[in-house]
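Working notes, beginning with the structure itself.
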Amino acid sequence: MAERKQKYERRQVLDSAVADLLSNMEQKQIEAQLPRREREKKARERIKIQSRREQRATYDLPPTLRQRVKEMAEQERLPASQLVTLALLRFLQDYQGGKVDLADYKQSSHSPRYDWNLSLPEELLSVLSQKQRRRSAPKLLKEDS
Amino acid sequence: MKIIAFANQKGGVGKTTTAITLAHGLALLGRRVLLVDLDPQGHVAFGLGLEKTPGLYQLICLETPIERVVRFARTNLDILSSDKRTEKVKRQITLSDFRENILDDLLRSTHYDVVLLDMAPSLDVLHINGLVASDWVIIPTRLDALAVDGVKEILLTMGEVAQRGHIFQGYGVLPTFFDRTTRETLVQFKEIVRTFNTRVWPPIPQDTRVREASAYGKTLWEYSPDSPAMTGFTENKMNLGGYRQILERMMEVLNG
């Protein structure tokens, strides 16, 4: 059987700024052609997205920690963001109150950007492998007791 | 040394403003820059707040040494200016031997890191001299059909120059006077992206500060460093286009 010749095409990569601008302009043009109600809805959605952008942050976390936060949020039926906000506020409270000393975890870094890395001790990481404790449901009725 | 030409056979597309802004930008970054005005209108000197002088005429017709005809414009930035006597330069070049390489030979003997050529919107012997001297060509264009046609024309001319053995290291198409609110801008922008693809550089927004700056004889770095023409459009906290971003692209070109 004759071997089929595979055709390869060189990928063209647009300048990222050109690509972003073009896609934004195309999106706006599509929106401009929508009926008034949908245009207004899109505008509201855009404002909502823009206002939430201020609240967003990206950090690298161990996957197990991320999974644990997700499970806990599901169990407690809470938004994961609020759970993380509470955890960070509690940490800051402890840090400011002198209950947490970062010096205990600091190790010098080889990176040109940072002087230190945090080395997390096993005892702290073991929290992630422990089974999640399920809180008992609040007693609402007399029969529950 | 790298020689970069700003060319489009259509006039009024922002060649001189782009050349002046990027020349001063490079100078501010510490590069030793020579900006050569190949246009008899002499607007490079005017835009920098200097008198027009027949520098190019003195260099080529009177054979005055180049170091005596270049003028200080800003720290690290010298100019070789033009005036109406540049028309005589064309006649002189036409009568010379090896006429297409005259400018290249003169410029390569200088000590500058970068030489920028502000080309006239014409197709003549001086224009060909500029292209033959260039390693890179930046083609500013408005987003209208006539200017975009001018881009194609300059590329045809570059093709002819290349056929005679000259090797261009690259070229970029720079949309200028960019008004993203009009449908025609989008149509023309899509057209040039489809045609020139990766060669299209981020656009320069339409900005009245540009006209004001040249009226005062100041560069945009001096007159309005944070105006839209400099910083570009803001989308999702990112700056898209503008001369600051183009300067970064220029540095990539210079650093190979």
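Chains A and B, in that order, give the protein sequences. Residues 3 to 147 in the numbering used here are what the first sequence lists, from first letter to last. Residues 73 to 328 in the numbering used here are what the second sequence lists, from first letter to last. The C-beta atom is built at its ideal place from N, Cα and C for all residues, glycine as well. All values reported here derive from a predicted model rather than from experimental measurement.
Three or more Cβ pairs closer than 8 Å define a contact, and the segment 267 to 282 of chain B meets that threshold against the segment 242 to 254 of chain B. Counting along the chain, the unbroken beta strand (DSSP E) around N311/B starts and ends at 310 to 312. Per DSSP, the beta bridge partners of W118/A are S110/A.
In the DSSP assignment, R146/B falls within the beta strand (DSSP E) that extends over 143 to 146. When C-beta distances to chain A are compared with 7 Å, every residue of the segment 112 to 138 of chain B stays at or above that value. Beta-bridge analysis with DSSP links I151/B to L107/B, R143/B. In this model, P300/B and T166/B are separated by some 43 Å (Cα to Cα). Residues of the same chain with a CB within less than 6 Å of the CB of A117/B, apart from the 5 flanking positions on each side, are K124, S153 in chain order.
Taken atom to atom, the span from the alpha-carbon of P112/B to that of D155/B is near 5 Å.
Flagged as an interface residue toward chain B: L23/A, by a C-beta distance shorter than 8 Å. When the alpha-carbon of M323/B is set against those of V85/B, A95/B, P193/B, the nearest one is in A95/B. Counting the other Cβ atoms within 10 Å of the Cβ of Y288/B gives fewer than 16, which makes it exposed. Close partners of L16/A in chain B (Cβ separation under 8 Å): V265, N269, T270, V272. For G100/A, the three-state secondary structure derived from DSSP is coil. Taking the C-beta atoms as reference points, D117/A is found nearer than 8 Å to S111/A.
In terms of Cα proximity to L227/B, the closest of Q317/B, K160/B, Q81/B is Q81/B. According to the DSSP assignment, E307/B belongs to the beta strand (DSSP E) that extends over 305 to 307. Nearest to H183/B by alpha-carbon distance, out of F170/B, V233/B, Q164/B, I138/B, is I138/B.
At a Cβ-Cβ threshold of 8 Å, V105/B and A99/B count as neighbours. Here the alpha carbons of L195/B and V209/B stand approximately 15 Å from one another. By the Cβ criterion, the segment 55 to 62 of chain A is not in contact with the segment 274 to 287 of chain B, since fewer than three pairs of Cβ atoms, one from each stretch, lie closer than 8 Å. Nearest to P275/B by C-alpha distance, out of R281/B, R180/B, L258/B, M191/B, is L258/B. Nearest Cα to V85/B within the set P126/B, F250/B, Q164/B: F250/B. Within the segment 175 to 231 of chain B, the runs of alpha helix (DSSP H) at least 4 residues long that lie entirely inside it are, in chain order, 197 to 205.
Counting C-beta pairs closer than 8 Å gives fewer than three between the segment 158 to 177 of chain B and the segment 213 to 229 of chain B, which falls short of the contact rule. Between L203/B and L131/B, the C-beta gap is not smaller than 8 Å, which leaves the two residues out of contact. In the DSSP secondary-structure assignment, A77/B is bridged to L189/B, V209/B. Neighbours of A19/A across chain B, judged by C-beta separation under 7 Å: P274, L312, G313, Q317. For the pair L88/A and L80/A, the Cα-to-Cα distance works out to about 11 Å. Taking every protein chain shown into account, the CB of N327/B has fewer than 16 other CB atoms within 10 angstroms, so this residue is exposed. By the CB criterion at 8 Å, K44/A and E33/A fall inside the cutoff. Put simply, the backbone Cα of T253/B is about 24 Å away from that of R55/A. Interface residue (Cβ-Cβ distance to chain A less than 8 Å): E307/B is classified as such. Taking C-beta separations shorter than 6 Å and ignoring five residues to either side along the sequence, E40/A has no partners in its chain. L188/B is a Cβ neighbour of I76/B, given a cutoff of 8 Å.
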